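>
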RNA sequence: GGCCCGUUCGUCUAGCGGCCUAGGACACCGCCCUCUCAAGGCGGAGGCACGGGUUCGAACCCCGUACGGGCUACCA
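In this note's numbering, the protein residues as written are 503 to 989.
Structure (structure tokens):
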């Protein structure tokens, strides 16, 4: 046994990393780092039908993207390997032998059909509907004979008759008591010899010297069962901590119908890993009244006693707000490096262009970073700067260019732009004169110019946009714009 | 049905017997700023599930009820 903290995250590679799983990983990671312990990654791939290597890699990728690191795992190795359950069969077999020899497990020959029937009957009668322990009283010699004769059987754990209440000192929920009278002699090893999840996970946590099991509270009711196995194995029972689950807005467990649920989906929608991490950390844990904090603060301040017991509803709106906060806090350099991949992807520019025009891009960056909530909005906001054939939005044309005076305004703007110094301040000074001169509202002049230059009624600030676009392009666009009304 | 857990503004939460006329954040509404959109500033509306106790005093402790959730598989 070790006295240092060892925690694990054990995903099933049957799909991508779910945001609920990600939060569990984050809490375990933060707990380990806070205590200077070890964070172990184990792949619970006993479901051979649905587990894939692609999923495993995708999960590792998502965890790394979030900025989590682990001390032991399938790729990192470690003294407690292997880290795939499918490679640990020998350990489960060994553990079963232990339980056979100390008589804490027994073979059960009941067929699924009889069990179903009994369960139905018990439930109809009300009360406990667990296994009735028929096979527990079979004489060991008879049982062995039946096994030797090839009779199909499973192995069940024997819950001691005198065990009494199983009392859990949960690190998140406090004391939870389970009467052992409601405890089932559940299956450890299936007819085909494979371990059930309940058995494999206990053997692994035991063999890996896991000290704290931090997981969703959907496992709370399973915990006394697992405690019984730890005890039967003669293992030290780890400390448990059960957190509330993440729900959708309808109060149901988060699933596909609530929209995006995988970490990588959020990455692809333009969310920053630090923002997702922050939001997830805050969903069911609180520092005090601080909402925005960095990774180091999370590690420094994380404690299980401040993890919430109640379920939390996933709130995409707050995630977006938080992503915006992180986006706005970035320097132009940082922000530019984040958006470049999106610009490449959209075909707006090449890596060579980006290098050549870096100074120009750095001028653009702060104009955009203040206006978006996620990276995927960048392309739509800046594409007008990268096209040779601007298409003016029809609604903008109707709403602005059809206004009385729009044509005169554009002519005046063009005249002024022809020889103004190309800095935002100079352009602004020059254009500010026009409304008075033409007796038009400033808003009309500026909006008409905006539509002509950017193609939309919504854009980054006008004067900066004109400067970034350049005199020639701006003048060409204004000249090409046909107002709908007579001047 | 049985066992277990949970319940503070719409949402995430602070609160751990007097500091609470219940604080913060998102969202919402209004005003300000303003070349659009944002961002920002100021202000507003909005909550202790219900009923009993215990106590001088309860959002906080106890007991019920209601509602929600989990488990009750040879799923994980």
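We put the beta carbon where it would ideally sit given N, CA and C, even for glycine. Every value quoted in this text rests on a predicted model; they were computed, and no experiment measured them.
So, helix, strand or coil for residue 610, using DSSP?
strand
> Fully enclosed by the segment 535-615, which alpha helix (DSSP H) runs are 4 residues long or longer?
555-567 and 591-603
> Where does residue 981 land, buried or exposed, given buried means 16+ other C-beta within 10 angstroms?
exposed
> Could you give the first and the last residue of the continuous beta strand (DSSP E) run that contains residue 738?
It is not in any beta strand (DSSP E) - residue 738 carries neither H nor E in the DSSP assignment.
> What is the rounded straight-line gap between the Cα of residue 514 and the Cα of residue 711?
So the two alpha carbons sit approximately 20 Å from each other.
> With a threshold of 16 other CB atoms inside 10 Å of the CB of residue 721, please say whether the residue is buried or exposed.
exposed
> For a quick check, are the C-beta atoms of residue 607 and residue 617 less than 8 Å apart?
In this structure, residue 617 does not lie closer than 8 Å to residue 607 by Cβ.
> Out of 926, 705, 649 and 846, which has the shortest C-alpha to C-alpha gap to residue 736?
Considering only alpha carbons, the answer is 705.
> Going by the DSSP bridge assignment, what does residue 745 pair with across the sheet?
718
> In terms of residues, what are the limits of the alpha helix (DSSP H) holding residue 852?
From DSSP, residue 852 is part of no alpha helix (DSSP H); its letter is neither H nor E.
> Based on DSSP bridge pairs, tell me the residues matched to residue 508.
540
> Measure the Cβ-Cβ separation of residue 745 and residue 719 and say whether it is below 8 Å.
yes
> Evaluate residue 702 with the Cβ neighbour count: other Cβ atoms within 10 Å of its Cβ, from every protein chain shown; 16 or more gives buried, anything less gives exposed.
It is buried - the Cβ of residue 702 has at least 16 other Cβ atoms within 10 Å.
> Would you be able to state if there are at least three C-beta pairs under 8 Å between the segment 922-929 and the segment 826-841?
no
> Does the beta-carbon distance from residue 983 to residue 912 come in below 8 Å?
yes
> Nearest to residue 780 by alpha carbon, out of 510, 529 and 517?
With distances taken between Cα atoms, residue 780 lies closest to 529.
> Who are residue 936's beta bridge partners in DSSP?
None, per the DSSP bridge assignment.
> Just the Cα atoms here: how many angstroms apart are residue 587 and residue 547?
6 Å
> Can you tell me where the beta strand (DSSP E) with residue 658 in it begins and where it stops?
Membership of residue 658 in the beta strand (DSSP E) is indicated by the continuous run 656-659.
> May I ask which residues mark the beginning and end of the alpha helix (DSSP H) holding residue 770?
765-770
> Suppose the cutoff is 6 Å on Cβ atoms and the five residues either side in sequence are ignored; what does the same chain contact list for residue 678 look like?
Closer than 6 Å at the Cβ level, and outside the excluded window around residue 678, lie 670 and 672.
> DSSP state of residue 679, grouped into three classes?
strand
> Contact defined as beta carbons within less than 8 Å: I believe residue 564 pairs with residue 765. What is the distance between those atoms, to the nearest angstrom?
Residue 564 to residue 765, Cβ: 4 Å. Contact.
> Quick one: which unbroken alpha helix (DSSP H) runs of 4-plus residues sit fully inside the segment 841-924? Chain order, please.
853-858, 860-871, 880-884 and 908-919
> Pop quiz: residue 892 and residue 976 are said to be a contact at Cβ under 8 Å. What is the actual Cβ separation, rounded to whole angstroms?
At roughly 11 Å, the Cβ-Cβ gap does not stay under 8 Å, so residue 892 and residue 976 are not in contact.
> Given a cut-off of 8 Å, decide if residue 880 and residue 950 are closer than it, judged by their beta-carbon atoms.
Cβ atoms of residue 950 and residue 880: not closer than 8 Å.
> Between which two residues does the beta strand (DSSP E) containing residue 670 stretch?
668-672
> Given that a residue counts as buried once 16 or more other Cβ atoms are within 10 Å of its Cβ, and exposed if not, what is residue 854?
exposed
> Indicate whether residue 521 and residue 782 have their beta-carbon atoms separated by less than 8 Å.
yes
> Decide if the segment 861-881 is in contact with the segment 818-827; the criterion is three or more beta carbon pairs, one per stretch, under 8 Å apart.
yes
> Closer than 7 Å: is that where the CB of residue 573 sits relative to any heavy atom of the ligand GTP?
In terms of ligand content, the structure shown is empty, and the ligand GTP therefore cannot be addressed.
> Given a cut-off of 8 Å on the beta-carbon distance, is the pair residue 620 and residue 641 in contact?
no
> Specify the secondary structure class of residue 775 as computed by DSSP and reduced to three states.
helix
> Do the CB positions of residue 724 and residue 685 come within less than 8 Å of each other?
no
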